Structures are given as C-alpha cells and as structure tokens.
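Below you'll find the structure, written out as structure tokens, and then a few comments.
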Amino acid sequence: MNASLRLRAGLVSIVLLAAFLGIWHLATRSTGTVATMSPEYAKLMGLTATQDKSAMPGPLDVGAKLWEHLRRPFYDNGPNDKGLGIQLGYSIARVGTGYFLAVLVAIPLGFLIGMSPLLSKALDPFIQVLKPISPLAWMPLALYTIKDSSISAIFVIFICSIWPMLLNTVFGVASVRKEWINVARTLEVGTFRRAFTVILPAAAPTILTGMRISIGIAWLVIVAAEMLVGGTGIGYFVWNEWNNLSITNVIIAILLIGVVGMLLDQILARFTRMVTFPE
Amino acid sequence: MTGKFISIEGIAKRYPGAGGSTTAVFENLWLSMARGEFCCVIGHSGCGKTTVLNILAGLDAPSEGAVIVDGQAISGTSLDRAVIFQSHALLPWRTVLGNVGYAVSSKWRSWDRAKVRAHAQTFIDLVGLTGSEHKRPSELSGGMKQRVGIARALSITPKMMLMDEPFSALDALTRGTLQDEVRRICLETGQTAFMITHDVDEAIYLADKIFLMTNGPGAVLAEVVENPLPRDRGRTDLHRHPLYYALRNHIIDFLVTRSKSFTAEKPDHDPRNVPVVHIGKPGLTIASGSDEQRQTWIPGTSPGLTA
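Heads up: the sequence lines are chains A and B, in that order. What the first sequence shows, in the working numbering, is residues 3 to 281, in sequence order. What the second sequence shows, in the working numbering, is residues 1147 to 1453, in sequence order.
Written out as structure tokens, the structure is:
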C-alpha cells in the first residue's frame, strides 16, 4: 500500500519532469529559418540571428554543459574561471563558518534567556528590532569595520542564522513541561545538571527546528552576499556568468544551489529526527 | 505510630486577585500525620489539595505558616519526600531504567553506573515491570507508566510519599491492581504516605486517616475521619465490614452536602483542633460542641446497610 503509493508518486514526478523538459525544449529550439545575410555578418551574429534560435538555452545545452562541469569540478584557471566544485566549496565553507559561530552564540544565549525571565524581558526589545533587519543591510557596516570582504560575508551569514536559532532555543527552553522540571526539583538536581539532563533533551527538538530554519536562510543569503562581495563562491559565479551572458551556466548554478540547499536541509532534518522523542 | 512525624502548622496560600485584592485558597490550615501512617485527602476541585501537597513536597511555598517534617521545618524540595505525579511525569527520552536510574543517581551521586543500574532494577522488579526496562514511556500503557512513577519514587527510599491523584487517569482494573501494590509496598516499607484522591473507595481501602476538606476558596480542613477498618483489610471483602457503609456514607454526605455549607454551619470551627470522627464508636466521637447525630454512625442504623 505504502510502497505502491511511493511508486505512483515517483511515476507522477517523472512524468512532470519529462513534461517540463519537453516544453522547455520545444520553447527554445531553433526553428531553422535561415535569414539571408552575408556569411561574415552571420558569423558575427551567431545562431540567434541566423537561425532564429532562442537566446535561452534548451535542456540539452544545459545538460551537456552540466556534464562538462561535473567532469571537471575542481579546475582553477585563475580568478574568473574556477570549477563549480571550488565555487560551491567556498560558499559552503562561508555558510558553515558563519552558521557554526551563530550556533555557538545563539544556543547558550537562548538557554540563558529561556531560563531567566528577567533577561528575557530585558533583551526582548533588542531582539525584536534586530530580527527583522535584512542581513544584507549589515554588509556596508561589516565591510567598513572588518575591512575584509570574505569575513564580511561570514558575518552576514552569522547575523542571519542567529535569530531563528536564538528564538527557538528561548521558546524551547521556556516551554519545557513544568512537571519535568518538578521531577528534577523533587530529586534535588542542581541547576547545571538540570539544564543538561532535563531542559536540553526536552528543548532539543525545538532547538534543532530553529537550526534547520537557520541553515535554510543562511544558504539563501550566501548567494546574495557573494554577489555583493565578489571574488569566489557560487553567488559570485552566478553574477559573473550573467556578465558573461552565459545563461546556461546561470541555470546550472541555480540548479546546484537548489541541490546543495536541499542536502543541507536534509542533514539538519536527520539530526532533528535523532533528538525527537515520542510522547 | 507515634507523635507527629509531619506537622503542617497554620499554613495559608494566597494569590493576588484582580484589583489588588488577594484570594486565599486556604488560611490557617493545621494537619498532622504520624510516622507510617497512610493519609488521604478528599475534597472538591479547587479546595487547594494539590497546593497542600506541593507545599509538603517543597515545590510551592506557603504564604504563611510552616511545615515540620521529622522535627525540622522544610524549605524547598528534598529527596526524603518523593512525589508521584498525577500525569506520571516520566522523561520521555529516557527508558524505564533510565527514568528510575536518573532518580537513583540523583540521590547517590557517587555511585557508579553498575550500582545505579542494579538498585534501579530492584525497584523496577518490585513494581512488576521486569522485562520492560529498556522500553520508552511512549511504549508503555498508562498503568505501566504509573508503575514506573512509583518505582522512581520508591527507588530513592524516601521518608514519605506524596501522591497527587496517582491513579485517576487509569482504568478501574489497573487502578485496583496498583492500589493493592501501593498498599503492600507502603505496609512493607513502613512508608508515611499522603495521597490526594477523588475516589472515596480508594481512600477507604488505602487510608488510615481521611482528611475532609471543604470547598475553596477559603477552604478549611473540616474533619479527620479515622478509618475503622482493620489494617489487614482486603479489597474483596472490604464492603462486608460492618462499618464500611457507615464510613462511606459519611464521606459521601460530606462531599455532597456538607462540604458546601460547612463554613457557614460551623462558624466556631477551630482549625487547630479539627474534630476527629470515629465511625461506630459513639463514646470517642468529638462532635465539637453540637448535638449532631450525624457525626456518629451506629452499625445497623446506617441507610447504606439497608439499601
């Protein structure tokens, strides 16, 4: 029953993909009407002008190019010509660093705020104001103070991933069931041990949910941040290929950004499942 | 049963109400229990039973008054007073052994893993959960969860057990079995127990003394009913005891009518000297300055017996 449902869903997915690729192919193929012009001029204009070919690459062009990229993911021919593996590696490293720093700050701080009603009330106005600021708005300030574009990008990742984790940790810690706290209290468990043996496991699913939201946002923001700071990374690659008018490469980059984002999300989802407990 | 093992002395609990006023759940409450005694509190919802239990446990502090346990005023929680929670309150991410072991390692911090395990296992066996040690609470039935709660409370070898309607969420059959077990364990280990219940039959089966509380707010401890049934009572022939219905009717009468009107009818009620009701022994009844015949039930005249 369940297996057959999965099979049918898979079939529908394949049909939808095939339909999408088919329409894409039909919409972008060249009609073959050859315009009459001098051969030299035609050479200069390219297929778009001579054979009425769409400027938008078709799925076959993208597929061929993608295959080319996947065969050589790590080549490095200088600043403007690096393999996609290297570019993605830079982006993942930046996201990883900024995100990891945010985890180090957000979770202990969230614990503190969640356990202390005083801190919770005192810090609330700051959090409320800082949270809705677009992370890219911090970029000029970061560039000016840090004076390093790569670290500024990491800072932007840090600042955008901190809020969901912080708020979820606060919420998770503050809403641990009273009876579990009471169990620890009647057993005379100290504050420190209580934090690690009762509050942390009880709040872990909520904290992990916050971390999962954060990694998603961080991956969204890194593309924009790298477009701004330039140099390396998948975001820079997209912008660079746009300047090269290589729509094929832009489409490939979009596809890979999606795949990497999904993988990051799946990793966090697996962690969430590990700490979730049935009640 | 000697002296006052637990003595609640003039405690009050007040909450700030609307417009700066305060609402008192109860005021000036006095109550005492001897070592090894099993006491049940019966009263309607909102009369502050749970608050009294929380104060005894140290989870809540009284607005006024003190609680003396074994000659010492309590402040905060203690491993000497174990609580069995109504909702079992097991940590869902720990196994049965993990839950009991958590309590054991909280009491004996220096014990190594093997010793904690062995000690926890003893109490898991005691409540009849051998074989389910490695299950998580979500895999257990309601009755089994409450057994784990009982094992956890007993494993720290407390001086007294506090139970807040521990069996109210269970089906009748499971409840009966668990009542038997709790009674057996308390008698064997000489536990002093304080239990809140809504179930009159449960109180009659388990308690040595039954505390009757009037309705809140402003609840008072109206009467202490001594259970006339022998200590070695059995569940099956409980209702054949000549005083069973007299006792039962007395409690039910209180719950149905007198719990509402008690404060108005007895303006001179002295909370420090709560009348002790001895069912079936007219000579011993303290009817606190009134000619009420109701306080004393003579076997044979009880409507309960003829009904």
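Heads up, the beta-carbon is just placed ideally off N, CA and C, and yes, glycines get one too. Computed from a predicted structure; not experimentally measured.
Relative to the alpha-carbon of residue i, which residue among the options has its alpha-carbon at the smallest distance?
{"i": "R1330(B)", "options": "Y1351(B), T1223(B), A1318(B)", "result": "Y1351(B)"}
{"i": "P1304(B)", "options": "A1180(B), K1253(B), D1258(B)", "result": "K1253(B)"}
{"i": "V1346(B)", "options": "T1241(B), S1301(B), E1311(B)", "result": "E1311(B)"}
{"i": "G91(A)", "options": "R272(A), V262(A), I269(A)", "result": "V262(A)"}
{"i": "G1336(B)", "options": "G1182(B), L1175(B), I1270(B)", "result": "G1182(B)"}
{"i": "F273(A)", "options": "I259(A), L257(A), N251(A), L210(A)", "result": "L210(A)"}
{"i": "I224(A)", "options": "A11(A), I156(A), W165(A), V252(A)", "result": "I156(A)"}
{"i": "L68(A)", "options": "I254(A), K123(A), V277(A), F279(A)", "result": "I254(A)"}
{"i": "L1225(B)", "options": "S1233(B), A1203(B), V1328(B)", "result": "A1203(B)"}
{"i": "P85(A)", "options": "I256(A), M39(A), F239(A), I94(A)", "result": "It is worth fixing the name first, because residue 85(A) is Gly in this sequence and not Pro. Checking every option, the nearest Cα to that of G85(A) belongs to F239(A)."}
{"i": "F1408(B)", "options": "D1216(B), A1365(B), A1219(B)", "result": "A1365(B)"}
{"i": "D63(A)", "options": "L19(A), I269(A), A95(A), I249(A)", "result": "I249(A)"}
{"i": "V107(A)", "options": "M167(A), L9(A), G232(A), G12(A)", "result": "M167(A)"}
{"i": "V1420(B)", "options": "N1200(B), E1369(B), R1259(B)", "result": "E1369(B)"}
{"i": "K123(A)", "options": "R8(A), V252(A), A176(A), I183(A)", "result": "A176(A)"}
{"i": "P134(A)", "options": "A104(A), C162(A), A44(A)", "result": "C162(A)"}
{"i": "Y1161(B)", "options": "L1308(B), L1300(B), G1194(B)", "result": "G1194(B)"}
{"i": "T188(A)", "options": "P1413(B), H1385(B), M1306(B)", "result": "M1306(B)"}
{"i": "V1198(B)", "options": "V1422(B), I1152(B), T1241(B)", "result": "I1152(B)"}
{"i": "L1205(B)", "options": "G232(A), V97(A), I183(A)", "result": "I183(A)"}
In chain order, what residues of the same chain lie with their CB nearer than 6 Å to the CB of residue i, ignoring the 5 residues before and after it?
{"i": "G1163(B)", "result": "T1169"}
{"i": "T1320(B)", "result": "G1289"}
{"i": "P142(A)", "result": "none"}
{"i": "A1297(B)", "result": "V1246, F1269, I1270, V1273"}
{"i": "F1283(B)", "result": "It should be noted that the sequence gives Pro, not Phe, for residue 1283(B). Excluding residues within five positions, the ones whose Cβ falls inside 6 Å are L1236, P1238, K1291."}
{"i": "P75(A)", "result": "G85, L86, G87"}
{"i": "R196(A)", "result": "A186"}
{"i": "H1387(B)", "result": "L1375"}
{"i": "M229(A)", "result": "G237, W241"}
{"i": "W26(A)", "result": "P61"}
Using a beta-carbon distance below 8 Å, is residue i in contact with chain B?
{"i": "F279(A)", "result": "yes"}
{"i": "N184(A)", "result": "yes"}
{"i": "R214(A)", "result": "no"}
{"i": "V200(A)", "result": "yes"}
{"i": "V178(A)", "result": "no"}
Starting from the beta carbon of residue i, find every residue of chain A whose beta carbon is closer than 8 Å, and list them in chain order.
{"i": "W1257(B)", "result": "In chain order: nothing, as chain A lies at least about 14 Å away."}
{"i": "D1238(B)", "result": "Checking the sequence, you will find Pro at residue 1238(B) rather than Asp. Ordered by position in chain A, the residues that pass the 8 Å Cβ test against P1238(B) are F279, P280, E281."}
Closer than 9 Å by beta-carbon distance: list the chain A residues that pair up with residue i, in chain order.
{"i": "A1203(B)", "result": "N184, R187, T188"}
For residue i, decide whether its Cβ has a neighbour in chain A, counting only Cβ atoms nearer than 8 Å.
{"i": "T1197(B)", "result": "no"}
{"i": "T1268(B)", "result": "no"}
{"i": "T1431(B)", "result": "With a pLDDT of 45 at T1431(B), under the threshold of 50, the modelled position of that residue is not reliable, and the figure given next carries that caveat. False, the Cβ-Cβ gap to chain A never drops below 8 Å."}
{"i": "V1229(B)", "result": "yes"}
{"i": "A1297(B)", "result": "no"}
{"i": "S1191(B)", "result": "no"}
{"i": "D1383(B)", "result": "no"}
{"i": "S1301(B)", "result": "no"}
{"i": "V1252(B)", "result": "Note on residue identity: the sequence assigns Ser, not Val, to residue 1252(B). Taking Cβ atoms only, chain A reaches closer than 8 Å to S1252(B), which makes this a yes."}
{"i": "S1314(B)", "result": "no"}
{"i": "S1287(B)", "result": "no"}
{"i": "S1284(B)", "result": "yes"}
Can you name, in chain order, every residue of its own chain whose Cβ lies under 8 Å from the Cβ of residue i, other than the five neighbours on each side?
{"i": "D267(A)", "result": "R214, I217, G218"}
{"i": "K1470(B)", "result": "Look at the range of chain B in this structure, 1147 to 1453, and you will see that residue 1470(B) is not part of it."}
{"i": "L1316(B)", "result": "G1288, G1289, Q1292, L1324"}
{"i": "A207(A)", "result": "A small correction: the amino acid at residue 207(A) is Pro; Ala does not occupy that position in the sequence shown. Answer for P207(A): G174, T274, V277, T278, F279, listed in chain order."}
{"i": "L1243(B)", "result": "R1263, A1266, Q1267, I1270, E1279, H1280"}
Listing by chain order, which chain A residues have their CB less than 7 Å from the CB of residue i?
{"i": "T1223(B)", "result": "R187, T188, E190"}
{"i": "S1233(B)", "result": "E181"}
Taking Cβ-Cβ distances shorter than 7 Å, what residues in chain C pair up with residue i?
{"i": "A1249(B)", "result": "Structure shown: chain C not included; protein chains present are A and B."}
Which same chain residues end up closer than 7 Å to residue i when comparing Cβ atoms and leaving out the 5 residues on each side of it in sequence?
{"i": "L125(A)", "result": "I115"}
{"i": "M1147(B)", "result": "Any reading at M1147(B) is ruled out, since the residue's pLDDT is 43, under 50, leaving its predicted position unreliable."}
{"i": "T1196(B)", "result": "D1310, I1342"}
{"i": "N1174(B)", "result": "G1156, A1158, P1417"}
{"i": "F1231(B)", "result": "G1295, D1310"}
Give the residues of chain B in contact with residue i, contact being defined as C-beta atoms less than 7 Å apart.
{"i": "P203(A)", "result": "W1239"}
Give a single yes or no on whether residue i has its beta carbon closer than 7 Å to a heavy atom of the ligand ATP.
{"i": "L18(A)", "result": "As for the ligand ATP, it is missing from this structure, which has no ligand bound."}
In chain order, which continuous runs of the beta strand (DSSP E) of length 3 or greater are located wholly inside the segment 1275-1313 of chain B? Here the runs fully enclosed are 1306-1310.
List in chain order: all unbroken beta strand (DSSP E) runs of 3+ residues lying wholly within the segment 1327-1352 of chain B. Qualifying beta strand (DSSP E) stretches, in chain order: 1338-1343.
Those runs of the alpha helix (DSSP H) which lie wholly inside the segment 135-202 of chain A and span at least 4 residues: As far as the segment 135-202 of chain A is concerned, its whole alpha helix (DSSP H) runs of at least 4 residues are 141-148, 151-176, 180-188, 193-196.
Scan the segment 228-264 of chain A and note each continuous alpha helix (DSSP H) run of 4 residues or more that stays entirely inside, going in chain order. If we require 4 residues or more, the alpha helix (DSSP H) runs fully inside the segment 228-264 of chain A come out as 236-245.
So within the segment 50-130 of chain A, which uninterrupted alpha helix (DSSP H) runs reach at least 4 residues, ignoring any that extend past its ends? Secondary structure within the segment 50-130 of chain A: the alpha helix (DSSP H) runs of 4 or more consecutive residues, fully enclosed, are 61-73, 86-117 (chain order).
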